[in-house]
Each structure stands twice: as structure tokens, then as C-alpha cells.
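Q: Residue numbering for the sequence shown follows our numbering, starting at 476 and increasing by one per position.
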Amino acid sequence: MPELIHVKGKNVGRVILYALSTCVWCKKARNLLDELKIEYFYTYVDLLDSEENTRVKNEIRKWNSHCSFPTIVKDDGSCIVGFDEEKIRGLKK
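1. Work out the CA separation of Lys502 and Tyr517 for me, nearest whole Å.
2. Can you grab the Cα-Cα spacing for the pair Arg536 / Ile547, in whole Å?
3. Nearest to Lys571 by alpha carbon, out of Leu508, Leu495, Arg530, Ser496?
4. Could you tell me the alpha carbon to alpha carbon distance between Asp551 and Trp538, rounded to whole angstroms?
5. Rounded to whole angstroms, what's the CA-CA distance from Asn486 to Asp559? Just pull it up for me.
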């Protein structure tokens, strides 16, 4: 598992955001999670070393075959691919 950065907030289950450091949509997803005050963990996949990057992308493909970003995975097995404001807001419920 890559080093995950923890952001405190309301616990709605374990939420992991896989993002790229240069991705505008990833930044929007982080900002929305922050605005909603949801607890989550995130990692910037593009900043991982080569071996870890490959391993994490293979993990992401379990939920998102295109391995696009952002990908948000919840511990209940649900996944949000891309910046989908309505679905991200739905995490708070």
C-alpha cells in the first residue's frame, strides 16, 4: 500500500482518493471532499516510485479498468471514477 495522506473529517467509512498531482479534476475532488468535511486518505500516484506506481495502478484497475483519475474508492466496494460532484456529495450520506 502506498503512503496515504490522512485528511481528518467526518468518518463515512474508509475513503481513498487516487489522484495525480497535476490533475485539475483531482484537485476539484479533493477540494469538494474538504468542503464536505469528509475524512479521507489520498495519494498522488504520479509521485510514487516506478514499482509502487505500477502496483497502485494495477490496484486501481480493479475498480476502474481505464485507470483514469481521480478514482475514489470506498471500503464498501463502491467507486467513483472522475469528478462526479453528485456522487462525491453522496458519500456524506
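Glycine included, every Cβ here is placed at the ideal spot set by N, Cα and C.
A: A quick look at the data gives this:
1. Approximately 11 angstroms, taken between the alpha carbons.
2. Taking the straight line joining both Cα atoms gives about 12 angstroms.
3. Residue 571 is absent from the structure shown; the chain starts at 476 and stops at 568.
4. Near 12 angstroms, if we compare the C-alpha coordinates of Trp538 and Asp551.
5. One Cα belongs to Asn486, the other to Asp559, and the distance between them is close to 20 angstroms.
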